[in-house]
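Q: This note's numbering puts the first residue of the sequence shown at 391, with every later residue one more than the last.
Here a beta-carbon is modelled for each residue, glycine too, at the ideal position from N, C-alpha and C.
Just so it is clear, the structure is predicted and the values come from calculations on it, not from any experiment.
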Amino acid sequence: MNQSTEDACVHSPNSSLNERVRGLTPSATIAIQERCRLIKLEGREVFRLGLGQSPFPVPDCVVEQLKRNAFQKDYLPVKGLPELREAVAAHHRDTFGIDCSAENVLVGPGSKELMFLLQLVYDGDILIPTPSWVSYAPQARIIGRSVFPLTTLRENEWRLTPDQLETVCKVDPARPRLLILNYPSNPTGRTYRREELEGIAAAAAGENGR
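#1: Tell me whether the beta-carbon of GLY514 lies closer than 7 Å to the beta-carbon of PRO566.
#2: What would DSSP say about VAL468, mapped onto helix, strand or coil?
#3: With burial defined as no fewer than 16 other Cβ atoms inside 10 Å of the residue's Cβ, what is the status of ASN598: buried or exposed?
#4: Pick out the complete alpha helix (DSSP H) segments inside the stretch 458-542, 4 residues or longer, and give them in chain order.
#5: Cα separation between PRO563 and LYS502?
#6: Going along the chain, which residues of its own chain have a beta-carbon closer than 7 Å to the beta-carbon of LEU510, five neighbours each way excluded?
#7: Exposed or buried, which one is ARG600 when buried takes at least 16 other CB atoms within 10 Å?
#8: Take SER522 and list the residues in its own chain whose beta-carbon comes closer than 7 Å to its own, dropping the five residues that flank it on each side.
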């Protein structure tokens, strides 16, 4: 290696980056959003299909409470406000019949951050039905997880099947795996019937009930 090549390696923008983030590409949705912004600055009309902004307004009661508490500056409990966690647990008990308490609830700044924490805490390969949301696979790779896409098909209405999951789990069945089952699916919008979810759960448990 000559001196110029060595200098190029030393001063490469990626040379100081963790190997797991090198080569990560920008989020497709953010890239589309930025492209739309630049086109609008040129005075051209844009029909944006990239970022799914909610069409619903913020409820007035929420706006009023935010105004009343704008002065609050103290750190909050790491797990979230106890009253909020209890309210979430009560909602799941009353609405879905799920036996849970506030100790089972963790409040976070958004679903992507919480998904990342789950992947960080639990060991195992990441199984992602595709097409999928763009953030899941890059998140897994950042923390060194192996990602296995499970391709869904039109004839199955873009739903994951128990057979697909069983096929993957039969290879080294003792190996832990995490299944990210986005529901309703983004981007297909598909949901699952109760019996379909029960079939997927049975396939995930396998012979050992894991």
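A: For this structure:
#1: A Cβ-Cβ contact shorter than 7 Å links GLY514 with PRO566.
#2: Reduced to three states, the DSSP call for VAL468 is coil.
#3: Low per-residue confidence applies at ASN598: pLDDT is 49, beneath 50, and the placement is therefore not dependable, though the value from the model is reported in the following sentence. Looking at its Cβ environment, which holds fewer than 16 other Cβ atoms inside 10 Å, ASN598 is exposed.
#4: Listed in chain order, the complete alpha helix (DSSP H) runs (minimum 4 residues) inside the stretch 458-542 are 472-486, 501-511 and 526-532.
#5: Roughly 28 Å separates the two Cα atoms.
#6: Excluding positions up to five away in sequence, the list reads ILE533.
#7: Its pLDDT being 47, under 50, ARG600 is placed unreliably by the model, and nothing is read from it.
#8: Same-chain partners within the cutoff: ASN572.
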